[in-house]
Structure formats: C-alpha cells, structure tokens
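In what follows, a structure is listed as structure tokens, so that the remarks can point back to it.
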Amino acid sequence: MKHQPLVVERLLNAPVNKVWEALTVKEKMKVWYFEVSDFKPEVGFAFSFTGADEGVEYIHHCVVTAVVPARKLSYTWKYENYEGESLLTFELQPEGDKTRLILTHEGLETFPQHLKSFTRESFTGGWNYFINNALPKYLDPEFIPAPESETRC
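If you count by full-length UniProt numbering, then the sequence shown holds residues 1 to 153, one letter each, in order.
This is the structure we're talking about:
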C-alpha cells in the first residue's frame, strides 16, 4: 500500500515575501510556529526545537534539504529517541497580493504508529492549526477563521 502525503493548502492574505519571511526568519517563526534553536534557509542547515503533545515533550531534529527563495522550502523531520524520518515541504505560489501555501508532509508512516502523537490524525490536526489559524493570524491581525482551506489525506 502506498502511503499518501499529508497536504494542507491555504490562500494567505499576504504577499509571498512576507510569507517567506514567516517561514524562514527565526524571530518570526517563534511567533506562530515553534521556537527553533536557529534557522537559515540553506541546504544542509540543521536545527531543532521542542514541541509538546498531551503533556509529552518531543525534541524535533531537522535538516534543510531544498531552498528556492520565496518559492520552496523543504526539511527533514525526525524525533529524538524515536524511529522514523519524514520530509516537510512548504511551496509558495503568488496570487496577486496573496500567497497560496501548500504544505506537504511525507513519510508520516515511518513514525511509531502505536503512539497517538505520531498518527496521521495528530499531524493533520497540528498542521491544520498552524496553516489555517496560527500563520494567517500572524500575517493578518484582522484574520477571521474561514473554511477556505483544504486538507488532502
């Protein structure tokens, strides 16, 4: 059985350069995403951060694998002391003065599926929160949640 990547797509009320900065500038990332140890949009750059789920803290280790400025950012995603490694990709497409963001998370099935925090449902909930709430709110203070998002499982 082929595993399908998790895809979350959103039209953001911000120009591409502003969205790119939100994805790649450490000080901006910590406002809507995670407080990363450091970050540079450079292939080979390694970074880490801690995220909690249901009271358990998980240390994430990532390495940037692809960068096309203001268009594409990819990095590996794995957890300290757990099996598995996935690939996270953000793609940006300008649409006038707005930006279509397409997040693709591949390889989720490589994580321990007996742990609720590593299930597809957990990742779906997390990415929907970040892409459909936290990021739009950061980019547009007048943001009101609306059903203009699409998640393909």
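Glycine included, C-beta positions come from ideal geometry on N, C-alpha and C.
Pick helix, strand or coil for residue i, following the three-state DSSP scheme.
i, result
"E142", "coil"
"T50", "strand"
"K40", "coil"
"P112", "coil"
"P94", "strand"
"E123", "Reading the sequence as shown, one finds Phe at residue 123 and not Glu. Of the three classes helix, strand and coil, the one that applies to F123 here is helix, per DSSP."
"P136", "helix"
"F45", "coil"
"L23", "helix"
"E35", "coil"
Run through the DSSP bridge pairs and tell me what residue i is partnered with.
i, result
"Y129", "DSSP lists no partner for Y129."
"W77", "S86"
"R10", "L101"
"K18", "Its beta-bridge partners do not exist; DSSP assigns none."
"K72", "V68 and E91"
Name the two residues that bound the continuous beta strand (DSSP E) containing residue i.
i, result
"T104", "K98 to E106"
"H60", "V56 to V68"
The alpha helix (DSSP H) spanning residue i covers which residue range?
i, result
"E27", "K26 to W32"
Check the C-beta distance from residue i over to residue j and give it rounded, since I have them as a contact under 8 Å.
i, j, result
"H105", "S86", "6 Å"
Mind the definition here: the region 26-44 touches the region 79-87 only if three or more C-beta pairs lie below 8 Å; say whether that holds. No contact exists between the region 26-44 and the region 79-87.
Do the region 2-18 and the region 130-147 touch if we need at least three Cβ pairs shorter than 8 Å? They touch, by the three-pair rule.
Are three or more beta carbon pairs between the region 21-36 and the region 45-65 nearer than 8 Å? yes
Using 8 Å as the cut-off, can you tell me whether the region 99-118 makes contact with the region 53-67, which would need three or more C-beta pairs spanning the two stretches below that distance? yes
contact_flag[the region 15-27, the region 122-129] where n(CB pairs < 8 Å) is 3 or more: no
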